[in-house]
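Before any comments, here is the structure.
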Amino acid sequence: MSAHDTRPAAEARQLLSKVPEITIWFWVIKILCTTVGESFADYINMALGVGLVATVVIFTVVTAIVLAVQLSLARYRPGAYWLTVVVLSITGTLYTDILTDQVGVPLAVSSSIFAVALAVVFAIWYARERTLSIHSIVTRPREAFYWVTVLVTFALGTALGDWTLELTGWGPGLSILLPLVLIGIVTALWRYGANPVLAFWIAYILTRPLGANIGDWLGLTPTEGGIGLGTFATSLIFLAAILATVIYLTISKADVVERARTTQDAAPSPGRRRVSLGILGVVAVATIALLAFTSSQPHASALADEGPGPSCNNSSTLTQDQATAAAEANFPVADMNQFRTIATDILGRVQSGDQAGASARATDLETAWDDKQDALNATDCGAWTYIDQQIDPVLSSVRSVTPDSGTEQKALQALLTTLGA
1 MSAHDTRPAA EARQLLSKVP EITIWFWVIK ILCTTVGESF ADYINMALGV GLVATVVIFT
61 VVTAIVLAVQ LSLARYRPGA YWLTVVVLSI TGTLYTDILT DQVGVPLAVS SSIFAVALAV
121 VFAIWYARER TLSIHSIVTR PREAFYWVTV LVTFALGTAL GDWTLELTGW GPGLSILLPL
181 VLIGIVTALW RYGANPVLAF WIAYILTRPL GANIGDWLGL TPTEGGIGLG TFATSLIFLA
241 AILATVIYLT ISKADVVERA RTTQDAAPSP GRRRVSLGIL GVVAVATIAL LAFTSSQPHA
301 SALADEGPGP SCNNSSTLTQ DQATAAAEAN FPVADMNQFR TIATDILGRV QSGDQAGASA
361 RATDLETAWD DKQDALNATD CGAWTYIDQQ IDPVLSSVRS VTPDSGTEQK ALQALLTTLG
421 A
């Protein structure tokens, strides 16, 4: 009797699969979930006025609840499974955002952190269970490892996707192509004979930047390279698509694995696996070379201009007076006048009770600030960071579904003071 035969009887009897079959439906709904993760996280954070830290806390609690329900089930249930994926997608996105936006960790560092975390999870999972196959998710320990891995892949995919955009300066439409092409290559290699477990997890990670870029392309305004649906509309569309797909899968059972696989599919030849691994290595090197070349070209990216400028780390955080002086000294007068004019207009509309007008002008402020981000950040990233962190509460308070005039005016007055009004 092997070591795996000595596990508790309750676990040994749990032979119904807890995951769907890997069909085209799996990948379609996975991409839908990742798109929702990006757009819904942005909407909750900004439009509802909750704030990033509070949003992270809320979704961490929601994640724990949803995971507890999912782990308590004895078999795969499409609704519960894909709800868990959606929530983990949002939470993983938020974890990357809080490291980048709140703590100030560079995307290169956060990508490395999550990559190491994923390697550690895989190592522990394999050391305990001797497999990383999704088809082996038939016990609670394996399912727990699976969901931790899923959460880390969402965070890693978010960091890698955002880092790629910083390096390249690509717009949301063009940025869809890289992960899409890479997924196509991985799929072709899987069909040829690549290690199916390796191919699955590479594709799983790549669907995150693909879905995020699709969400950005749909949600951003045409001036920002998108088609202008907005984050809320994008979230609703994809949530509806997810719901429709889950209903179909629940009725058709097209993705159900009734019992654990007792026999393995015919393994590809070792030669094909080695060839596939070599091709994956070449593709990885080519991708890195493409990103390095693109990063070296002139493009709208703050990353390429952060060399000798003022440090933006936490140890050099400015006071409001310092930020005001730095902005007045280093930022173009025309830009400062534009920001002051818009902020003053928002304040006036808030004070007069014109919430719709204030929200519209908040979008103007966001667009104007984003348009100048690269130039201002390169000029004085310390002042830019300080003002950027003041604009966020302005946007979130004005766009809140339950706006509070006092909160809005406080955020606007603080911003206007820094802008020298």
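Okay, so the sequence shown: first residue is 1 according to UniProt numbering, each after it adds one. All C-beta atoms, glycine included, are put in the ideal place defined by N, C-alpha and C. Since we're looking at a predicted model, the values are computed, not measured.
What residue range does the alpha helix (DSSP H) around Ala199 cover? 196-219
So, at 8 Å on beta carbons, what are the nonlocal neighbours of Arg349 in its own chain, with the 5 sequence-adjacent residues on each side left out? Gln355, Gly357, Ala358, Arg361
Hey, quick one: how far does the alpha helix (DSSP H) through Arg349 stretch, first residue to last? 333-352
Given Ser89, which residues of its chain have a CB within under 7 Å of its CB, disregarding the five upstream and five downstream residues? Cys33, Thr34, Val36, Gly37, Phe154
Tell me the rounded alpha-carbon separation between Gln389 and Tyr204. 33 Å
Is the separation between the beta-carbon of Ala194 and that of Ser295 shorter than 8 Å? no
Please state the DSSP three-state secondary structure of Arg272. helix
For the alpha helix (DSSP H) containing Val186, name the first residue and the last one. 177-192
Would you mind giving the Cβ-Cβ distance between Phe145 and Glu129, rounded to the nearest angstrom? I have them listed as a contact below 8 Å. 7 Å
Pro141 to Trp147, Cα distance in whole Å? 10 Å
Minimum C-alpha distance to Ile137 - residue among Val197, Ser396, Thr418: Val197
Can you give the Cα-Cα distance for Gly307 and Leu290, rounded to whole angstroms? With a pLDDT of 36 at Gly307, under the threshold of 50, the predicted position of this residue should be treated as unreliable, though the coordinate-derived value follows. Approximately 21 Å between the Cα atoms of the pair.
Can you tell me whether Phe293 is buried or exposed? The criterion is at least 16 other CB atoms within 10 Å of its CB, across all chains shown. exposed
Could you tell me the alpha carbon to alpha carbon distance between Ser301 and Ala378, rounded to whole angstroms? Low local confidence applies: a pLDDT of 46 at Ser301 is under 50, so the model's placement there is unreliable, with the coordinate-based value given in what follows. Cα to Cα, the separation comes out at about 9 Å.
Apart from the five residues just before and just after Leu83, which ones in its own chain have a Cβ nearer than 7 Å to its Cβ? Val66
Give the range of the alpha helix (DSSP H) segment to which Asp321 is assigned. 320-330
Terminal residues of the alpha helix (DSSP H) in which Lys410 lies: 405-418
Identify the continuous alpha helix (DSSP H) that holds Ala383 and give its terminal residues. 381-398
Given that a residue counts as buried once 16 or more other Cβ atoms are within 10 Å of its Cβ, and exposed if not, what is Ala54? exposed
Specify, as a first and last residue, the run of the alpha helix (DSSP H) that Pro222 falls within. No alpha helix (DSSP H) holds Pro222; DSSP gives it neither H nor E.
Separation of Pro172 from Leu416, as counted between CA atoms: 31 Å
Please give me, in chain order, every unbroken run of the beta strand (DSSP E) with length at least 3 that falls completely inside the region 61-95. none
From the DSSP output, in three-state form, read off Arg130 for me. coil
Unbroken stretches of the alpha helix (DSSP H), 4 residues or longer, contained in the region 114-178: 140-168, 172-175
When we look at the beta-carbon of Phe386 and count the other beta-carbons within 10 Å, is it buried (16 or more) or exposed? At residue 386 the sequence reads Tyr, which differs from the Phe that was named. Counting Cβ neighbours within 10 Å, Tyr386 comes out buried, since at least 16 surround it.
For Leu99, count neighbouring C-beta atoms within 10 Å of its own C-beta (all shown protein chains included) and say buried if the count is 16 or more, exposed if not. buried
CB-CB length for Leu347 against Gln297, believed under 8 Å: Not really, about 41 Å apart at Cβ, beyond 8 Å.
Kindly indicate which residue of Ala368, Ala326, Ala64 has the alpha-carbon position closest to the one of Glu224. Ala368
Looking at Ser39 and Thr234, is the spacing between their C-beta atoms short of 8 Å? yes
Just tell me which of Leu419, Glu21, Asp101 has its CA closest to the CA of Gln322. Leu419
Does DSSP classify Ser17 as helix, strand or coil? coil
Using 8 Å as the cut-off, can you tell me whether the region 210-226 makes contact with the region 170-184, which would need three or more C-beta pairs spanning the two stretches below that distance? yes
Might you give, ordered along the chain, the residues of its own chain that have their beta carbon closer than 6 Å to the beta carbon of Ser397, omitting 5 neighbours on each side? Gly49, Thr407, Glu408, Ala411
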